[in-house]
Amino acid sequence: MIHCMSKKLTTIDHPIFVESIRYVKAQLGDTGLENLEQEVLARLIHTSGDFGIQPLLRFSPNACKEGLAALKDGAPILTDTAMAAAAIAPMASKTIQPSIHCLLDWAPSIDGYGLTRSAFGIEAAWQQFSQQSLTSSRPPIVVIGSAPTALTSLLKVIVKTGFLPSLIVGMPVGFISVIESKLLLSKSQIPQIRLEGNRGGAALASAAVNALLRASI
């Protein structure tokens, strides 16, 4: 049993990564988090190299469990950038191989729309996913690591369509509209993994999803 598990780990995770996560968890000690939440936290700290992530990370009740269940049921993943999609793709291919989409594919240009490309893309993508909901197993998991306008527009189109995502990973980064978009997310009842303040980014947002994907097998 131990031999098989070791083989599985070396197949999925590089030995240096395994050792890094072991170190992070040892430094964290008892966080009081559930196991899946602890895995997400450890992966974010590993990705950022910063234990200062810990007090900023927020989980709605059962968010990780609901996200994991959705992935296992075939939920697609919708990201705000190609960078986030690319960061998730390797782990996705090694695990349960969910479909991965970038909202920018719905917004090749924004001329004349009066919106940012990300805002227009998420609205168009969400309208399409909501129309496909009757034939889909689970709603998408939405991963926002760069564009606060995408997060704000997503929350608006959710109200408009009544179509809820399986999970939102809300970690836009920056100084303009970032904290405001996260505050709006925090006031919603949508399952969410959120990083407070100005910090975030594609690497951190995708790391949260990769932790759930790693737990799916």
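Here my numbering is used: position 209 in the sequence shown is 232, and no number is missing along the way.
C-beta atoms are modelled at their ideal positions from N, C-alpha and C, and glycine is treated no differently.
- For glycine 90, the enclosing alpha helix (DSSP H) starts and ends at 86-95.
- In summary, leucine 208 is buried, with 16 or more beta-carbon neighbours lying within 10 Å of its beta-carbon over all protein chains present.
- For valine 166 against threonine 118, the beta-carbon gap comes to about 16 Å, at or over 8 Å, which does not count as contact.
- If only complete runs of 4 or more residues are kept, the stretch 119-181 shows the alpha helix (DSSP H) at 140-154, in order along the chain.
- In this structure alanine 49 is exposed. Its beta-carbon is surrounded by fewer than 16 other beta-carbon atoms within 10 angstroms.
- For alanine 230, same chain residues with a beta-carbon under 6 Å away, outside a window of 5 residues either side, are Arg66, Leu67, Thr70 in chain order.
- Proximity to alanine 173 across Pro195, Ser159, Gln154, Gly185 peaks at Pro195, based on C-alpha coordinates.
- Boundaries of the alpha helix (DSSP H) harbouring leucine 51: 38-51, taken from the DSSP string.
- The Cβ atoms of glutamine 215 and glycine 193 lie closer than 7 Å to each other.
- If you ignore the 5 residues before and after serine 200, its C-beta comes within less than 6 Å of the C-beta of Pro171, all in its own chain and listed in chain order.
- DSSP assignment within the stretch 199-232 yields the following whole beta strand (DSSP E) runs of 3 residues or more, N-terminal first: 215-218.
- Secondary structure at phenylalanine 82: strand, using DSSP grouped into helix, strand and coil.
- In this structure, the straight-line span from the alpha carbon of leucine 206 to that of glycine 144 is close to 21 Å.
- A buried status is given to glutamate 62, since no fewer than 16 other beta-carbon atoms sit within 10 Å of its beta-carbon.
- Cβ contact annotation for serine 153 (same chain, cutoff 7 Å, sequence separation greater than five): Thr184, Phe186, in chain order.
- Residues of the same chain with a CB within less than 7 Å of the CB of leucine 227, apart from the 5 flanking positions on each side, are Leu67, Thr70, Ser71, Gly168, Met194, Leu218 in chain order.
- Annotation for threonine 70: the continuous alpha helix (DSSP H) segment containing it runs 58-71.
- Per DSSP, reduced to three states, the secondary structure at isoleucine 240 is coil, with no helix or strand assignment.
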